[in-house]
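Enquirer: So that we are looking at the same thing, I have put the structure below in structure tokens.
In UniProt numbering, the protein residues as written are 1 to 155.
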């Protein structure tokens with residue numbers, strides 16, 4: 001039997017994990033330090049218009065949208081993959097549905113509001129990040145499972 005060799009994370013991997021964790025507690029300055037001024041944010045089909053823009057403020061808007069709807073919000077990183085500028089992060093998002101969750105159509109216009117249910121939830125997410133020059137230049141998320149909101153999100 002051989003001893004396990006510690007694998008040192010790359011700068012891109014560290015940035016990607018930090019970007020996921022910032023969604024629950026980061027401030028605007030944290031996002032500005034982590035994301036390039038022209039970073040592309042692809043937050044998913046249900047996000048409001050300001051989240052679909054570019055730069056750190058678009059990711060900050062995504063964080064605020066989630067925090068308004070969900071209390072006790074936290075992410076547990078389960079896996080990180082990628083050795084170059086592209087990094088994938090598999091994570092579980094946990095929280096409690098404590099605020100109205102406004103779902104938007106493909107144009108970013110409010111389409112439906114889910115009233116607070118008080119339900120605790122855990123859902124899986126896969127994030128993809130691309131980095132350059134010590135910053136994230138692209139962020140996207142695969143919504144994967146919808147957990148307790150699956151029925152409520154049907155058109």
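Built from N, CA and C at the ideal position, the CB exists for glycine as well.
For clarity, every value in this text was computed on a predicted model and none was experimentally measured.
Given this structure, state the Cα-to-Cα distance separating residue 131 from residue 31, to the nearest angstrom.
Expert: Computed Cα separation, rounded: 14 angstroms.
Enquirer: Which residues does DSSP list as the beta-bridge partners of residue 140?
Expert: Answer is 42 and 128.
Enquirer: What's the gap between the Cα of residue 52 and the Cα of residue 41?
Expert: If you take the alpha carbons of residue 52 and residue 41, they lie about 6 angstroms apart.
Enquirer: Have a look at residue 20 and residue 118 and give me their C-alpha separation to the nearest angstrom.
Expert: Each residue's Cα considered, the two are about 23 angstroms apart.
Enquirer: List in chain order: all unbroken beta strand (DSSP E) runs of 3+ residues lying wholly within the UniProt domain "SnoaL-like" (22 to 138).
Expert: Runs found: 35 to 42, 70 to 81, 86 to 97, 101 to 104, 110 to 114 and 120 to 132.
Enquirer: Buried or exposed for residue 158, please, with buried defined as at least 16 other CB atoms from any protein chain shown within 10 angstroms of its CB.
Expert: With the chain represented from 1 up to 155, any question about residue 158 goes unanswered, as that position is not in the structure.
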